[in-house]
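*Asks:* Residue numbers (our numbering): 149 to 397.
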Ligand code: MF3
Ligand code: CO
């Protein structure tokens, strides 16, 4: 069942989402060669708690940290560690917070110092795919119009979309219905309605779409070792026009 949110509930979700966005902004400023992903995790947890939020991922299905920090060929769910970032890496920062019982969820992928031009293109195209998907989140469209638009944009640039993970509805739970795939034919799935709140999150690989999970049971990596990027926003569908991006400052 898809749980529609009232305007008041969307305002609460906007608070949780703003906290996520502010935390990501603070994290981005700390990304540089020499920093460990554990240091970024500490900053994220302190930032969220100091502003009255609760880290959403810590303890979720026993996930051990606040942040998902996914470097290079890591697609999503990289666990912060003593790994030291180096010039030329890319790092996905995925974060959730709970405020007044509602979740916000967002992710960005950023360069560490100077990166290869094709890697920069991967980041740009994945973020563009997210925004093009978001543009489709209007009343009257169907869910897979979002999915299809994301896939088409990523593949037009010669990249592939990950099919093993999907976006999701979000509200009083981190993951609600519907699932939001990043691939598929247009015109399928539920009609989009006012009050739907979705976390749209394309994951795009430079090589082929295959992923596997490391022995830590969390970290998803590309099977071919190619780079992968991930961008995510929590958005609310409005009575008319484009959606409100709750996780954008
Ligand atoms: N953004 C991811 C998601 O919505 C993060 C979940 S990671 C977990 O699924 F640690 F919470 F599982
Ligand atoms: Co998510």
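Quick reminder that beta carbons are idealized off the backbone N, C-alpha and C, glycines included.
Going straight from the alpha carbon of residue 305 to that of residue 273, what length do you get?
*Replies:* The residue given as residue 305 occupies position 157 in the chain shown. The residue given as residue 273 occupies position 125 in the chain shown. Each residue's alpha carbon lies about 7 Å from the other.
*Asks:* Just list the residues that DSSP pairs residue 339 with in beta bridges.
*Replies:* Here residue 339 refers to the residue found at position 191 of the chain shown. Answer is 290.
*Asks:* List the whole-angstrom C-beta distance separating residue 246 from residue 218, where the pair is believed to meet the contact cut-off of C-beta under 8 Å.
*Replies:* The count along the chain shown starts at 1 and reaches residue 246 at position 98. The count along the chain shown starts at 1 and reaches residue 218 at position 70. No, residue 246 and residue 218 are not in contact; Cβ-Cβ is about 22 Å, not under 8 Å.
*Asks:* Quick one: what does DSSP say residue 250 is sitting in, helix, strand or coil?
*Replies:* Looking up residue 250 in the chain shown gives position 102. Strand.
*Asks:* I'd like the list of long-range same chain contacts for residue 298, defined as Cβ closer than 6 Å, with 5 residues on each side in sequence excluded.
*Replies:* Translated into positions along the chain shown, residue 298 becomes position 150. Only 277, 281, 330, 350 meet the Cβ criterion.
*Asks:* Could you tell me the distance, in whole angstroms, from the CA atom of residue 294 to the CA atom of residue 179?
*Replies:* Walking along the chain shown from the start, residue 294 turns up at place 146. Walking along the chain shown from the start, residue 179 turns up at place 31. Roughly 31 Å between the two C-alpha positions.
*Asks:* Does DSSP put residue 97 in a helix, in a strand, or in coil?
*Replies:* No answer is possible for residue 97: it lies beyond the span of the chain, which begins at 149 and ends at 397.
*Asks:* So what does DSSP say about residue 353, is it helix, strand or coil?
*Replies:* Counting from one through the chain shown, the residue named residue 353 turns up at place 205. In the structure shown, residue 353 sits in a strand (DSSP, three-state: E or B).
*Asks:* Buried or exposed for residue 222, please, with buried defined as at least 16 other CB atoms from any protein chain shown within 10 angstroms of its CB.
*Replies:* Your numbering for residue 222 matches position 74 in the chain shown. Buried: at least 16 other Cβ atoms inside 10 Å.
*Asks:* Could you name the residues of the same chain whose beta carbon sits closer than 6 Å to that of residue 368, not counting the 5 residues immediately before and after it, in chain order?
*Replies:* As a first step, residue 368 must be located in the chain shown, where it is residue number 220. Correct list, in chain order: 223, 224, 225, 359, 361.
*Asks:* Considering Cα atoms alone, identify which of 166, 186, 390 is closest to residue 227.
*Replies:* In the chain shown, residue 227 corresponds to position 79, counting from 1. For the residues 166, 186, 390, the minimum Cα distance to residue 227 belongs to 186.
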